[in-house]
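*Asks:* In full-length UniProt numbering, the protein residues as written are 1 to 855. The C-beta atom is built at its ideal place from N, Cα and C for all residues, glycine as well. Keep in mind it's a predicted model, so treat the numbers as computed, not measured. I am attaching a structure below and will ask some questions about it afterwards.
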């Protein structure tokens with residue numbers, strides 16, 4: 001009968017509004033989880049885009065568009081979730097995300113495959129993102145002219161569309177070419193040459209579509225004027241040309257083209273798509289033999305007094321830190337094809353000074369000349385005796401060319417091969433730029449075998465590739481890095497974007513822990529600083545001033561200088577083509593990847609100063625902590641029905657609100673520690689319940705401190721820190737989340753934590769303030785707590801009698817260890833202020849705690 005009565009009577013009915021109050025807490029927690037997940041997802045997308053931009057990952061145009069749009073979606077999710085957490089107080093961030101999203105979408109929707117319907121374009125209308133439509137050479141020249149304001153000749157681009165129209169719309173032309181190409185045997189060079197000649201004959205005899213003829217002649221008149229005596233060069237500008245897998249030299253360039261020659265020159269360059277050299281090259285590199293992607297570049301010819309090439313990296317000597325400038329008198333073809341020995345200047349990349357000049361004996365030069373029949377062509381002639389041993393450039397011109405090619409390397413983020421000319425007025429003109437062909441050095445991206453050496457540290461995660469060597473300089477979170485020494489190896493306990501202020505001066509960076517998709521890793525890759533993360537014990541194993549070699553190719557650190565690795569300190573970037581995908585990525589990357597908001601304390605840490613999605617991510621992630629930190633402030637007496645009381649031998653009246661998965665069973669009015677399954681709360685309780693920290697008999701009382709507390713209570717308590725708090729404490733929990741709030745007497749402590757398997761989400765934040773003693777004792781107590789937390793790896797900020805500390809982006813087991821220690825600290829520090837009678841007590845009690853002496 002009794003069981004039946006208990007079942008009928010049951011628990012008292014739930015108070016009205018209980019479900020509504022619980023739903024409010026769950027809603028905030030849901031937004032917080034959404035923000036953390038969107039942050040993790042966005043970090044993955046940014047890392048992938050960053051890898052693609054640096055050539056470590058392959059993406060096509062569709063993947064670039066997809067990932068850029070995903071980045072916008074995840075950013076908007078973060079901003080929306082933060083706005084909900086802030087009760088509508090972050091609408092400015094939402095506006096910023098939508099504005100950035102609109103800019104990104106504008107770039108993504110432009111220059112898509114097939115977008116350009118015109119047959120010709122002025123170079124004023126061309127930039128690097130249009131390589132698919134106009135070919136690599138045109139795209140690069142347009143970029144130099146329009147984006148970098150560099151001197152290039154007058155001219156126009158003939159689009160891939162014009163070439164396709166000529167090949168595909170001339171009746172029967174392409175079918176006859178395709179039939180010939182089907183019979184090509186790559187292993188029979190003589191057959192390739194025969195078929196190439198037959199294809200060329202058909203193309204040279206083919207009629208020109210009227211639309212193409214009208215467009216070409218109209219573009220000539222628009223670029224050079226009608227009736228002008230202009231001589232031009234008509235060069236190939238194929239889709240894959242002037243990328244790292246370069247087709248340069250496979251296709252034809254026609255010099256000395258006049259308006260009357262333009263249509264035939266167009267046919268000749270188009271025919272070179274199927275030259276014997278081009279067919280053999282395509283067959284050997286896996287390209288389709290019937291490729292039709294040919295644009296052309298028509299440029300006014302510079303009447304060159306001198307010409308040549310400049311390489312932003314030394315093309316042969318890996319150890320050199322010099323720009324190489326080569327030049328000859330006359331046109332530059334003799335430099336490009338190697339038929340002439342050029343003058344050479346080595347210019348320091350670091351200082352801009354000429355390191356070495358080697359002046360060649362120059363007997364012949366190539367100059368433009370008009371034949372008796374009226375044709376203009378390159379004429380090989382002797383160099384005047386007075387000029388044969390004279391440098392073709394002044395030192396100022398050599399240095400200017402070095403600056404230009406370095407500017408191009410920085411712009412394209414890849415070493416450049418730049419063609420130049422100096423006209424008869426001594427003005428420099430740039431004729432083209434393309435990535436240096438570095439495929440043959442790909443093996444240098446791998447560290448050599450070092451079996452005879454034992455590394456100090458190994459198995460780290462490479463965040464930014466390279467090799468660095470220098471003396472170790474430890475850096476503490478929050479430390480002023482203004483005077484970080486040039487060329488030192490930066491040693492960190494944990495990765496932090498705040499290291500950016502000294503990052504450029506570091507030879508390498510070593511961090512005990514860190515996320516490869518985090519903010520600092522992105523900055524290291526952006527600045528090219530070799531970086532290895534997740535090397536436990538690095539802070540204790542590496543001594544300040546110790547010279548080490550950081551191998552950020554295989555994730556190791558060696559003692560001293562390692563001669564086998566040092567030549568790789570200037571490792572060349574990996575080869576990558578200037579593909580349409582990469583061109584598009586470069587257009588959208590400024591709105592997505594850079595991180596400018598690195599200091600949460602700065603006045604510029606605001607939505608208005610977010611100029612990229614990475615900034616939005618950083619801002620929203622940082623602000624989410626403070627919003628969740630305050631969740632316990634919303635708990636009031638009216639919410640008591642939500643909570644169940646914890647029965648445990650701790651000196652707190654502690655109530656639990658379970659947001660889901662925090663307790664083994666819900667609905668009970670009281671629970672024990674065994675009922676708790678929330679990972680962070682279980683760890684905190686383990687520390688609070690540790691037998692070592694539990695008081696055995698009365699705590700020792702210092703009479704001076706006790707009398708100070710009593711006097712403060714008599715006169716009204718701690719007025720500066722606010723009114724007396726209630727006696728009830730709360731733990732708002734889920735399976736991976738904890739917000740513990742203890743507001744007892746005149747002090748409070750809050751622990752906020754996420755403890756899961758995803759390193760980038762994990763954190764512990766702690767705040768403690770107040771007390772019933774005088775100002776001096778309260779401030780000594782937080783300084784004592786600060787010493788303890790710093791030793792445990794927390795980043796600590798102290799203001800008066802308030803301490804804020806954080807420990808984030810560490811593995812779950814590391815968080816559990818710190819939460820256990822915080823639990824012990826909460827028990828020990830409740831009445832510690834009365835023990836802080838002098839400055840010596842600060843260090844004494846910190847040392848006692850760290851040694852496990854809690855009484």
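1) Using alpha carbons as the reference points, say which of 234, 261 and 259 lies closest to residue 251.
2) Quick check on residue 385: buried or exposed, where buried means 16 or more other Cβ atoms within 10 Å of its Cβ?
3) Per DSSP, what are the beta-bridge partners of residue 72 in this structure?
4) How long is the line joining the alpha carbons of residue 474 and residue 557, rounded to whole angstroms?
5) Since residue 158 and residue 295 are thought to touch, with beta carbons under 8 Å apart, how far apart are those beta carbons, to the nearest angstrom?
6) Could you tell me whether the Cβ atoms of residue 677 and residue 663 are closer together than 8 Å?
7) Helix, strand or coil: which one does DSSP assign to residue 777?
8) Evaluate residue 436 with the Cβ neighbour count: other Cβ atoms within 10 Å of its Cβ, from every protein chain shown; 16 or more gives buried, anything less gives exposed.
9) For residue 786 and residue 490, what's the separation of their Cα atoms in angstroms?
10) I'd like the list of long-range same chain contacts for residue 453, defined as Cβ closer than 8 Å, with 5 residues on each side in sequence excluded.
11) The alpha helix (DSSP H) that contains residue 817, what's its start and end?
12) Our contact map puts residue 597 next to residue 619 with C-beta atoms below 8 Å; I'd like the distance itself, whole angstroms only.
13) Going by CA-CA distance only, name the one from 737, 824, 511 and 361 that's closest to residue 857.
14) Should residue 381 go down as buried or exposed, given a rule of 16 or more other Cβ atoms within 10 Å for buried?
15) Can you tell me whether DSSP reads residue 610 as helix, strand or coil?
16) Quick one: is residue 342 buried, meaning 16 or more other Cβ sit within 10 Å of its Cβ, or exposed?
17) Compute the Euclidean distance between the alpha carbons of residue 476 and residue 827, then round it to the nearest angstrom.
18) Would you check if the distance between the CB atom of residue 538 and the CB atom of residue 564 is smaller than 8 Å?
19) Report yes if the CB atom of residue 920 is closer than 8 Å to the CB atom of residue 238, and no otherwise.
20) Classify residue 159 as helix, strand or coil using the three-state DSSP reduction.
21) Measure the alpha-carbon distance for residue 389 versus residue 51 and round it to whole angstroms.
22) Please return the same chain residues whose Cβ sits closer than 7 Å to the Cβ of residue 356, not counting the five positions on each side in sequence.
23) Could you name each continuous beta strand (DSSP E) segment of 3 residues or more that falls completely within the region 212-275, going from the start of the chain to the end?
24) Let me know if residue 28 comes out buried or exposed under the rule of 16 or more other beta-carbons within 10 Å of its beta-carbon.
25) Which of the three DSSP states, helix, strand or coil, is assigned to residue 701?
26) List the endpoints of the continuous beta strand (DSSP E) containing residue 858.
27) Check each candidate in 505, 77, 749 and 131 and name the one with the smallest Cα separation from residue 484.
28) Residues in its own chain within less than 6 Å of residue 806 by CB, not counting five upstream and five downstream?
29) Whose CA, out of 802, 361, 798 and 782, lies closest to the CA of residue 843?
30) Need the endpoints of the alpha helix (DSSP H) that residue 683 sits in, please.
31) May I ask you to report which of helix, strand or coil DSSP gives residue 100?
32) Per DSSP, what are the beta-bridge partners of residue 658 in this structure?
33) On the DSSP letters alone, give me the boundaries of the beta strand (DSSP E) that residue 174 sits inside.
34) Look at the Cβ atom of residue 468, then the Cβ atom of residue 530, and state whether they are nearer than 8 Å.
35) For residue 692, collect the residues of the same chain with a Cβ closer than 8 Å to its Cβ; drop the 5 residues on either side in sequence, then sort them by chain order.
*Replies:* Looking at the atomic coordinates:
1) Residue numbering aside, residue 251 sits at position 251 when the chain shown is read from its first letter. Checked all of 234, 261 and 259; the closest Cα to residue 251 is 234.
2) Along the chain shown, read from residue 1 onward, the residue named residue 385 stands at position 385. Exposed, by the Cβ-count rule.
3) Reading the chain shown from its first residue, position 72 is the one you call residue 72. For residue 72, which the question treats as bridged, DSSP gives no partner whatsoever.
4) For this step, residue 474 is matched to residue 474 along the chain shown. For this step, residue 557 is matched to residue 557 along the chain shown. Spanning the two alpha carbons is a distance of roughly 15 Å.
5) Working through the chain shown from its first residue, we reach residue 158 at position 158. Working through the chain shown from its first residue, we reach residue 295 at position 295. Correct: roughly 6 Å between the Cβ atoms.
6) As a position in the chain shown, residue 677 is number 677, starting the count at 1. As a position in the chain shown, residue 663 is number 663, starting the count at 1. Closer than 8 Å, so yes.
7) Position 777 of the chain shown, counting from 1, holds the residue named residue 777. Helix, per DSSP.
8) Stepping through the chain shown from its first residue, residue 436 is reached at position 436. So residue 436 ends up on the buried side.
9) Here residue 786 corresponds to residue number 786 of the chain shown, with the count starting at 1. Here residue 490 corresponds to residue number 490 of the chain shown, with the count starting at 1. Distance between the alpha carbons of residue 786 and residue 490 is about 24 Å.
10) Taking the first residue of the chain shown as 1, we reach residue 453 at position 453. Excluding positions up to five away in sequence, the list reads 558 and 562.
11) For the purposes of this step, residue 817 is taken as the residue at position 817 of the chain shown. 812-828 is the extent of the alpha helix (DSSP H) around residue 817.
12) Walking along the chain shown from the start, residue 597 turns up at place 597. Walking along the chain shown from the start, residue 619 turns up at place 619. With 8 Å as the limit, residue 597 and residue 619 qualify as a contact, their Cβ atoms being about 6 Å apart.
13) Any answer about residue 857 is impossible in this case: the structure gives the chain only from 1 up to 855.
14) Residue 381 sits at position 381 when you count from the first residue of the chain shown. The residue is exposed, with fewer than 16 neighbouring Cβ atoms inside 10 Å.
15) Here residue 610 is taken as the residue at index 610 of the chain shown, counted from 1. Coil at residue 610, not helix or strand.
16) The residue you call residue 342 lines up with position 342 of the chain shown. Label assigned to residue 342: buried.
17) Against the chain shown, residue 476 aligns to sequence position 476. Against the chain shown, residue 827 aligns to sequence position 827. Approximately 28 Å, taken between the alpha carbons.
18) Taking the chain shown and counting its residues from 1, the one referred to as residue 538 is at position 538. Taking the chain shown and counting its residues from 1, the one referred to as residue 564 is at position 564. Cβ distance not < 8 Å, so residue 538 and residue 564 don't count as in contact.
19) Given a span of 1 to 855 for the chain in the structure shown, any question on residue 920 remains unanswerable.
20) In the chain shown, counting from the first residue as 1, residue 159 sits at position 159. Looking at residue 159 - three-state DSSP - the assignment turns out to be coil, as it is neither helix nor strand.
21) One-based indexing of the chain shown puts residue 389 at position 389. One-based indexing of the chain shown puts residue 51 at position 51. If I take the Cα positions, the gap works out to 48 Å.
22) If you number the chain shown from 1, residue 356 lands on position 356. Result list for residue 356: 346, in chain order.
23) 232-238 and 253-257
24) Translated into the one-based positions of the chain shown, residue 28 becomes position 28. Counting Cβ neighbours within 10 Å, residue 28 comes out buried, since at least 16 surround it.
25) Position 701 of the chain shown, counted from the start, is the residue given in the question as residue 701. Since pLDDT at residue 701 reaches only 45, below the 50 mark, its modelled position is unreliable, and the value read off the structure follows with that caveat. Of the three classes helix, strand and coil, the one that applies to residue 701 here is coil, per DSSP.
26) For the chain, the structure presents residues 1 to 855; residue 858 sits outside this window and is missing.
27) One-based indexing of the chain shown puts residue 484 at position 484. The shortest C-alpha separation from residue 484 is found at 505.
28) Here residue 806 refers to the residue found at position 806 of the chain shown. Closer than 6 Å at Cβ, skipping near neighbours: 765 and 795.
29) As a position in the chain shown, residue 843 is number 843, starting the count at 1. The option with the nearest alpha carbon to residue 843 is 782.
30) Counting from 1 along the chain shown, the entry for residue 683 is found at position 683. For residue 683, the enclosing alpha helix (DSSP H) covers residues 679-688.
31) Working through the chain shown from its first residue, we reach residue 100 at position 100. Three-state DSSP puts residue 100 in a helix.
32) Residue 658 sits at position 658 when you count from the first residue of the chain shown. The secondary-structure analysis by DSSP pairs residue 658 across a beta bridge with 733.
33) As a working mapping, residue 174 is identified with position 174 in the chain shown. Counting along the chain, residue 174 falls outside any beta strand (DSSP E), though it belongs to the alpha helix (DSSP H) covering 173-181.
34) The sequence position of residue 468 within the chain shown is 468, counting from 1. The sequence position of residue 530 within the chain shown is 530, counting from 1. Yes, Cβ-Cβ distance for residue 468 and residue 530 is below 8 Å.
35) Along the chain shown, one-based indexing puts residue 692 at 692. Cβ within range, chain order: 824, 852 and 854.
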